[in-house]
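Remarks on the structure that follows.
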Amino acid sequence: MEDIVSLVLTLLLTVFVVYLVLWFCILLPASMAKRRGRSQVIRVLVSVLITPFLAIFLLWAFGDAKA
C-alpha cells in the first residue's frame with residue numbers, strides 16, 4: 455500500500471513540474487507577446503531555444519508594439 459501512495463504522489467508531482475515548465479517556457483511568453491501585439495511564435499522560439507528569462511525580459515523591455 456505504501457508503494458502505491460508513493461507512486462501516485464510521484465506521478466502527481468511529475469505532472470505538476472511538467473506543467474510549470476511548459477507554462478514558464480511556452481504559455482507565459484506567448485501570452486505576454488499576445489498582450490503586447492508581438493509575434494507569439496518568435497517569443498516562444500526564443501524561450502525554448504535560448505532561455506525563457508531572455509524572452510520575458512525582451513518582451514518587457516520592448517513594451518507594446520507600435521501600430
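Take the sequence shown: its position 43, counted from the start at 1, is 497 in the working numbering, and no numbers get skipped.
Glycine is no exception: its CB is placed at the ideal position from the N, C-alpha and C atoms.
These figures come from a predicted structure and were not determined experimentally.
How far does the alpha helix (DSSP H) with residue i in it extend, from its first residue to its last?
i: Trp477; result: Neither: Trp477 is in no alpha helix (DSSP H) and is coded neither H nor E.
Starting from the C-beta of residue i, find all residues in its chain whose C-beta is less than 7 Å away, skip the five residues before and the five after it, and write them out in chain order.
i: Phe478; result: Pro506
i: Ser493; result: Ala487
i: Val498; result: Ile480, Pro483, Ala484
Is DSSP giving residue i helix, strand or coil here?
i: Asp563; result: Nothing about residue 563 can be read from this structure; the chain reaches only from 455 to 521.
i: Thr468; result: helix
i: Ala519; result: coil
i: Arg492; result: coil
i: Ile510; result: helix
Less than 8 Å between C-beta atoms, sequence neighbours within five positions excluded: which residues of the same chain meet that for residue i?
i: Val472; result: none
i: Val495; result: none
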